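Chemist:
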Amino acid sequence: MSSATWTTLVFFSIVSIFLLHVQTCQAFEFYLNQNAKLCFTEQLPSNTKVSGEYAVAGSEGTMSVDLTVIGPDRRDYFSKLGIESGRFTFKTPKHPILKPEDAKYAMDEHFPPAVYHFCFSARSIPENIETNSNQQPHVVTRRRVSLKVDVLPTERDYARLAKEEHLNSLEVALRRIEDEIRQFSSELDILSSREQTMRNINEITNSRVTWLGIFNVVVMITAGVYEMYHMKNYFRHKKLI
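The sequence shown runs -27 to -1, 1 to 214 under mature numbering (1 follows the signal peptide of the UniProt record, and there is no 0).
What follows is the structure, given as structure tokens:
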């Protein structure tokens, strides 16, 4: 193996180790009131394993919390009633390409991303207390909920791939690095898509604020002109001018 090839392999190995430690993670913590519903949205790549961890603090009492994960196809990828603490995993399907400019990513199995909804709903539960008991029900009006969502790296059987395609150890290492870089690039595309979405929202908000300011100025000018006209007529009627 030449020194140039060895240097290249070492460089890409370092990049690979860095990419292995790059993992998309989102965490939320909030209070959920009784009979309320709260949903979070998350863009997830195609053909990717997603892991989540949830926890609801405090005793159940008269309030129970349910969790449902809804995909872009309106299908429930996870649903559980009366959650306390636990984990869930699911794999996202290949999402359809909806934008013509995204057609260039058709060969990328992790693109395009799609929006998933993580919905928590609080409901009242029956007070299962015996009628002859003096025990008072434990009334709960809100509970603290936490959720962490991880996008797990794609696992691939490179030993089988090497056997099927007759690859040597160097070619397998390069193929592994190529897959990891492709996945990292896909995650960057997702972040870029989120940035574009937020930029569009900010531009729309700024436009609305601008038009609201213009509307307020017009209203103030109109009100001032009307007030001057009204006062002028009033003074004329009183023969003060």
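C-beta atoms are modelled at their ideal positions from N, C-alpha and C, and glycine is treated no differently.
Note that this is a predicted model, so its numbers are computed, not measured.
Name the DSSP bridge partner or partners of residue 11?
Modeler: Answer by DSSP bridge pairing, in chain order: 93.
Chemist: Assuming contact is defined by CB atoms lying nearer than 7 Å, are residue 64 and residue 10 in contact in what I supplied?
Modeler: No. Outside cutoff.
Chemist: Between which two residues does the alpha helix (DSSP H) containing residue 28 stretch?
Modeler: Here residue 28 belongs to no alpha helix (DSSP H); instead the beta strand (DSSP E) covers 22 to 29.
Chemist: By DSSP's criteria, residue 51 is part of a beta bridge. Which residues make up the other side?
Modeler: According to DSSP, which records beta bridges pairwise, residue 51 is partnered with 42.
Chemist: Exposed or buried, what is residue 208 when buried is set at 16 or more other beta-carbons lying within 10 Å of its beta-carbon?
Modeler: Label assigned to residue 208: exposed.
Chemist: With DSSP run on the structure shown, which of helix, strand or coil describes residue 119?
Modeler: Correct three-state label for residue 119: strand.
Chemist: Return the residue from the list 139, 7, 131 that minimises the CA-CA distance to residue 150.
Modeler: Ranking the options by Cα distance to residue 150, first place goes to 131.
Chemist: Which full runs of the alpha helix (DSSP H) of 4+ residues lie inside the stretch 115 to 177, going along the chain?
Modeler: Within the stretch 115 to 177, the complete alpha helix (DSSP H) runs of at least 4 residues are 131 to 138.
Chemist: Nearest-angstrom Cα distance between residue 211 and residue 187?
Modeler: Straight-line Cα distance between these residues: approximately 36 Å.
Chemist: State yes or no: is the C-beta of residue 68 within less than 7 Å of the C-beta of residue 19?
Modeler: The answer is yes: Cβ separation under 7 Å.
Chemist: If I measure Cβ to Cβ from residue 101 and keep anything under 6 Å in the same chain, skipping five residues before and after, which residues do I get?
Modeler: Any reading at residue 101 must be qualified, since the residue scores a pLDDT of 46, below 50, and its modelled position is unreliable; no value is offered.
Chemist: Using DSSP's beta-bridge definition, name the partner residues of residue 64.
Modeler: Paired residue(s): 22.
Chemist: For residue 37, count neighbouring C-beta atoms within 10 Å of its own C-beta (all shown protein chains included) and say buried if the count is 16 or more, exposed if not.
Modeler: By the 10 Å Cβ count, residue 37 comes out buried.
Chemist: In angstroms, rounded to a whole number, what distance separates the CA positions of residue 94 and residue 119?
Modeler: Computed Cα separation, rounded: 13 Å.
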